[in-house]
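Scroll down for the structure; my scribbles are underneath it.
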Amino acid sequence: MRFLVADDHELIRQAVKSLLRGLDHEAQFDEADSWDTLAAAAHPGANHDLAIVDLHMSGMASAASLATLLKANPTLPLVVLSAEESVDEMRAVLAAGALGFVPKREPASVMLKAIELVLSGGAYVPIEALCLAGAGAPAPHACDSTQPLRNTSGAPLAPHHRHLMENLSPRQREIMRLVHRGCTNKMIARELQVAEGTVKVHLSVIFRALGVHSRSAAIAVINDWLRTGREL
1 MRFLVADDHE LIRQAVKSLL RGLDHEAQFD EADSWDTLAA AAHPGANHDL AIVDLHMSGM
61 ASAASLATLL KANPTLPLVV LSAEESVDEM RAVLAAGALG FVPKREPASV MLKAIELVLS
121 GGAYVPIEAL CLAGAGAPAP HACDSTQPLR NTSGAPLAPH HRHLMENLSP RQREIMRLVH
181 RGCTNKMIAR ELQVAEGTVK VHLSVIFRAL GVHSRSAAIA VINDWLRTGR EL
């Protein structure tokens, strides 16, 4: 595997690299110690399996910089490792597209679990940040995930979004049916018989998969999908 490790302290970079070698002893690394070196290293052609990024390096504008980085390289899985523990900042980082936020105070075992989770296609969200998803817009449909959503007006859908929609898992599609029908996280949790926190984590992964940052943007993508004659 190939990793990008970005932190302005060499000691932290070496510690993270040591941790990652526990996952793959033949791992390859690119390193960065500032926004400029991070932006240069994180290009799509580098084919990183994961980037682990400090939030407050020289030249960085916190979550805004991450959003810029991920816009240029939208397929890059990224985990933030930061001494900053503001809940608002955690949420901003996750909304910008990061798949995980790990406070530096956490033990190495937590960091490792977060990395393993992201590498397996999940997301690591601190419990403090589980209110990431906002309230959905009201919809006239009942909160029932068993009935497919259909529309046949035939409007075009961007190829990028079509590919992303086709690759949603059955569970992700089930959740997005409920989101589209205006269900709140609590209603979705009750319908699917899971914890509300689990729904929020699923949504953060879905938003990242669709390349959007909010419920309303995800619904817009779904509407375009339905207008092609497909069902969800």
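Okay, so the sequence shown: first residue is 1 according to UniProt numbering, each after it adds one.
Just so it is clear, CB atoms sit at the ideal spot from N, CA and C, and this is done for glycine as well.
Given the structure is predicted, the values throughout are model-derived calculations rather than measurements.
Is it true that the CB of residue j sits closer than 8 Å to the CB of residue i?
i	j	result
residue 38	residue 46	no
residue 203	residue 175	yes
residue 29	residue 5	yes
residue 35	residue 65	yes
residue 99	residue 83	no
residue 50	residue 79	yes
residue 22	residue 67	no
residue 41	residue 213	no
residue 58	residue 8	yes
Per DSSP, what are the beta-bridge partners of residue i in this structure?
i	result
residue 51	4, 78
residue 31	5
residue 100	79, 124
residue 58	34
Please name the residue, chosen from the options, that lies closest to residue i on a Cα-to-Cα basis.
i	options	result
residue 87	77, 50, 102	102
residue 43	26, 25, 70	70
residue 55	218, 12, 192	12
residue 1	16, 18, 48, 10	48
residue 170	206, 25, 15	206
residue 26	3, 9, 181, 198	3
residue 173	193, 210, 187	210
residue 119	89, 109, 185, 77	77
residue 74	215, 219, 208, 226	208
residue 215	193, 198, 186, 182	182
Residue i: buried (16+ other C-beta within 10 angstroms of its C-beta) or exposed?
i	result
residue 200	buried
residue 179	buried
residue 91	buried
residue 20	buried
residue 107	exposed
residue 60	buried
residue 195	exposed
residue 24	exposed
residue 217	exposed
residue 191	buried
residue 105	exposed
residue 72	exposed
residue 186	exposed
residue 116	exposed
So is residue i in contact with chain B if we call contact Cβ pairs under 8 Å?
i	result
residue 126	Among the protein chains of the structure shown there is no chain B, as only one such chain exists.
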